[in-house]
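Since the structure comes first, as structure tokens, the remarks are kept for the end.
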Amino acid sequence: MPLTNSLSLLCLVTIAAACTSNPIAQETATDGSSSGSGGGTTATTTASTTLGGEDSSSSGVDSLSSTSATASATTADGSGSTAAETGDPECGPSAVCGQPAPAGWFGPAIYSRVVEGDAPACPAEYPSGGPTVLEGYHDPGPALCDCECNLNMMQTCSAYVYGHNNSSCNTYNYSQVTEACSAVSITAYAQFYAYLQNNPSCMQNKMEEFPAPQWDASIKSCKLGDNPTSCGEGGICTPVPGADFEAPVCIYKQGDEACPAGPYSNKVTFFTGVEDSRDCSSCTCGTVAANCDNAVADVYTGTECAGIPTSSLAANGGCVPAVGGSIAMAIDEDSTCPITATPEPTGSIAAVGEFTFCCTG
1 MPLTNSLSLL CLVTIAAACT SNPIAQETAT DGSSSGSGGG TTATTTASTT
51 LGGEDSSSSG VDSLSSTSAT ASATTADGSG STAAETGDPE CGPSAVCGQP
101 APAGWFGPAI YSRVVEGDAP ACPAEYPSGG PTVLEGYHDP GPALCDCECN
151 LNMMQTCSAY VYGHNNSSCN TYNYSQVTEA CSAVSITAYA QFYAYLQNNP
201 SCMQNKMEEF PAPQWDASIK SCKLGDNPTS CGEGGICTPV PGADFEAPVC
251 IYKQGDEACP AGPYSNKVTF FTGVEDSRDC SSCTCGTVAA NCDNAVADVY
301 TGTECAGIPT SSLAANGGCV PAVGGSIAMA IDEDSTCPIT ATPEPTGSIA
351 AVGEFTFCCT G
């Protein structure tokens, strides 16, 4: 080949080589543009592949890949990643970009579990008080029922004391006496009479006990303020709960409800109290035959029936020596009243006033 032609061919080859594109730079530019129009996942994948396939000599490629990674982080923040993960300047280091409460729900809110003592105050980030509810109900069981039937002889016996000035007992002063203390002066001798005036009665005494329900804890909730900072795509900045509050952020609604789809998917049920209809059925007593022969009249020195009696006058006995300033009747009730119907527990107790809290993971 002539020298002139050889030189011409060499120039053409050199020019063609100078016009050929860098294949790595071309690939990176394409991925970077799709990063701008595509989702965060695509941008992250492209940046990772590019950074892993080139060394430090491709400085232009590394610079473009770094831009793609930054775009990926910004896009991921819009999908609900935390500020710590994304460095979102809208929410700051102590908040996350969360979701607002769906229609019909309240929140976002946080809650404190109080086993004993006082509940903490709502923090400034969650200033609105939500419902105060109860957790961990323990059924106390039915009512405890019992019955007594007591013989009432005092209203059955009519009693009188006759006071005499001498042992012949032919002159007297008399006074009606009861189980209450009566100021009656006895100067020398006395007689005591008691007789059945009414049929003896049995007084029922129904005993009821209602064990109190027990709870594991009281729950105090606090709701986010009315004007939270917006973030991402339709999100709101949700401050991280403090040490006195549980970690999850929740939404809540009265009733037993299913949690909505989305980040608030962990259901917890609380209650406002109990509905208690527990009771005991009737206690019924039978009848008993009795008389007043066991009655006695106790005579005391003073006027207030204090101390030990100086004399005890048997019912329907003779005239006996006695001196004192007061008298009270007593009856030895050796008869008992039968119980014909024992009370039984009725009704029930149950936790009511359900509140559904749906919380983040």
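Just so we're aligned: the sequence shown equals residues 1 to 361 in my numbering.
Where is the CB? At the ideal position from N, CA and C, for every residue including glycine.
Can you name the start and end residues of the beta strand (DSSP E) that residue 204 belongs to? Along the sequence shown, read from residue 1 onward, the residue named residue 204 stands at position 204. Unbroken beta strand (DSSP E) run through residue 204: 201-209.
Okay, do the region 187-197 and the region 88-97 touch, 3+ Cβ pairs below 8 angstroms being the bar? no
DSSP-derived helix/strand/coil call for residue 10: Position 10 of the sequence shown, counted from the start, is the residue given in the question as residue 10. Residue placement at residue 10 is flagged as unreliable, the pLDDT there being 31, under the threshold of 50; a coordinate-derived value is accordingly withheld.
I need the boundaries of the beta strand (DSSP E) containing residue 238, first residue and last residue. As a working note, residue 238 is residue 238 in the sequence shown. Note, residue 238: beta strand (DSSP E), 235-239.
Go through the region 310-345 residue by residue and report every complete run of the beta strand (DSSP E) that reaches 3 residues or more, in order. 311-314, 326-331, 339-341
Can you tell me whether residue 246 is helix, strand or coil according to DSSP? Working through the sequence shown from its first residue, we reach residue 246 at position 246. Three-state DSSP puts residue 246 in coil, outside helix and strand.
Taking only the alpha-carbon atoms, compute the straight-line gap between residue 349 and residue 279 and give it to the nearest angstrom. Taking the sequence shown and counting its residues from 1, one reaches residue 349 at position 349. Taking the sequence shown and counting its residues from 1, one reaches residue 279 at position 279. Approximately 10 angstroms, taken between the alpha carbons.
Tell me the DSSP bridge mates of residue 231? Locating residue 231 in the sequence shown gives position 231, where the first residue counts as 1. In DSSP, residue 231 forms a bridge with 235.
Secondary structure of residue 134, DSSP reduced to three states: Locating residue 134 in the sequence shown gives position 134, where the first residue counts as 1. Residue 134 falls in the strand class under three-state DSSP.
Can you give the Cα-Cα distance for residue 342 and residue 281, rounded to whole angstroms? Mapped onto the sequence shown, residue 342 falls at position 342. Mapped onto the sequence shown, residue 281 falls at position 281. Their backbone Cα atoms lie some 8 angstroms apart in a straight line.
Any contact of the region 122-137 with the region 216-232, i.e. 3+ C-beta pairs under 8 angstroms? yes
What does residue 184 pair with, by DSSP beta-bridge criteria? The count along the sequence shown starts at 1 and reaches residue 184 at position 184. DSSP lists no partner for residue 184.
Go ahead and pull the three-state DSSP assignment for residue 251. Within the sequence shown, residue 251 is the residue found at index 251, counting from 1. Note: residue 251 maps to strand in three-state DSSP.
Should the region 154-165 be regarded as contacting the region 282-301, the criterion being three or more beta carbon pairs within less than 8 angstroms? yes
With a cut-off of 8 angstroms, do at least 3 Cβ pairs link the region 249-268 to the region 299-318? no
Kindly indicate which residue of 344, 327, 345, 331 has the alpha-carbon position closest to the one of residue 177. Here residue 177 is taken as the residue at index 177 of the sequence shown, counted from 1. Selected option, being the one with the closest Cα: 327.
Where does residue 112 land, buried or exposed, given buried means 16+ other C-beta within 10 angstroms? Translated into positions along the sequence shown, residue 112 becomes position 112. Classification for residue 112: buried.
Indicate the three-state DSSP secondary structure (helix, strand or coil) for residue 298 in the structure shown. Here residue 298 corresponds to residue number 298 of the sequence shown, with the count starting at 1. If DSSP states are grouped into helix, strand and coil, residue 298 belongs with the strands.
Do you know whose CA, among 198, 283, 330, lies nearest residue 305's CA? Looking up residue 305 in the sequence shown gives position 305. Selected option, being the one with the closest Cα: 330.
Is the beta carbon of residue 213 sitting closer than 8 angstroms to the one on residue 140? Start at 1 with the first residue of the sequence shown, and residue 213 comes out as number 213. Start at 1 with the first residue of the sequence shown, and residue 140 comes out as number 140. Result yes, Cβ atoms of residue 213 and residue 140 sit closer than 8 angstroms.
Alpha carbon to alpha carbon, how far is residue 338 from residue 275? Locating residue 338 in the sequence shown gives position 338, where the first residue counts as 1. Locating residue 275 in the sequence shown gives position 275, where the first residue counts as 1. Distance between the alpha carbons of residue 338 and residue 275: 35 angstroms.
Please classify residue 95: does DSSP put it in a helix, a strand, or coil? Numbered from 1 along the sequence shown, position 95 holds the residue referred to as residue 95. DSSP places residue 95 in strand when its eight states are reduced to three.
Neighbour-count burial assignment, residue 324, 16 or more Cβ in a 10 Å radius: Position 324 of the sequence shown, counted from the start, is the residue given in the question as residue 324. Classification for residue 324: buried.
According to the Cβ coordinates, are residue 245 and residue 110 closer than 8 angstroms? The residue given as residue 245 occupies position 245 in the sequence shown. The residue given as residue 110 occupies position 110 in the sequence shown. Yes, they are a contact pair.
Ordered along the chain, which non-local residues of its own chain (more than five positions away) have a Cβ less than 7 angstroms from that of residue 217? Taking the sequence shown and counting its residues from 1, the one referred to as residue 217 is at position 217. Result list for residue 217: 113, 114, 115, 135, 136, in chain order.
Let me make sure I understand the geometry here. Which of 264, 253, 293, 265 has the alpha-carbon closest to that of residue 332? Here residue 332 refers to the residue found at position 332 of the sequence shown. It is 293.
The beta strand (DSSP E) that contains residue 150, what's its start and end? Counted from its first residue, the sequence shown places residue 150 at position 150. 144-152 is the span of the beta strand (DSSP E), which, as asked, contains residue 150.
The beta strand (DSSP E) with residue 293 in it runs from where to where? By one-based count along the sequence shown, residue 293 stands at place 293. Per DSSP, residue 293 belongs to no beta strand (DSSP E) and is neither H nor E.
May I have the straight-line CA-CA distance separating residue 232 from residue 97, to the nearest angstrom? Counting from one through the sequence shown, the residue named residue 232 turns up at place 232. Counting from one through the sequence shown, the residue named residue 97 turns up at place 97. Cα-Cα distance, rounded: 7 angstroms.
Go through its chain and collect everything with a Cβ distance to residue 100's Cβ below 6 angstroms, but skip five positions before and after it. Within the sequence shown, residue 100 is the residue found at index 100, counting from 1. Cβ neighbours of residue 100 beyond the five flanking positions: 236.
DSSP beta-bridge partners for residue 173? Counted from its first residue, the sequence shown places residue 173 at position 173. 163, per the DSSP bridge assignment.
What are the boundary residues of the beta strand (DSSP E) that includes residue 111? As a first step, residue 111 must be located in the sequence shown, where it is residue number 111. It spans 106-114 - the beta strand (DSSP E) in which residue 111 sits, taken as one unbroken run.
Assuming residue 105 and residue 267 are in contact, meaning their beta carbons sit under 8 angstroms apart, how far apart are those beta carbons, in whole angstroms? Taking the sequence shown and counting its residues from 1, one reaches residue 105 at position 105. Taking the sequence shown and counting its residues from 1, one reaches residue 267 at position 267. So it is not a contact: roughly 12 angstroms between Cβ atoms.
Sort out for me which residues DSSP pairs residue 224 with in a bridge. The sequence position of residue 224 within the sequence shown is 224, counting from 1. Bridge partners of residue 224: none, in fact.
Going by beta-carbon coordinates alone, are residue 285 and residue 208 separated by less than 8 angstroms? Working through the sequence shown from its first residue, we reach residue 285 at position 285. Working through the sequence shown from its first residue, we reach residue 208 at position 208. In this structure, residue 208 does not lie closer than 8 angstroms to residue 285 by Cβ.
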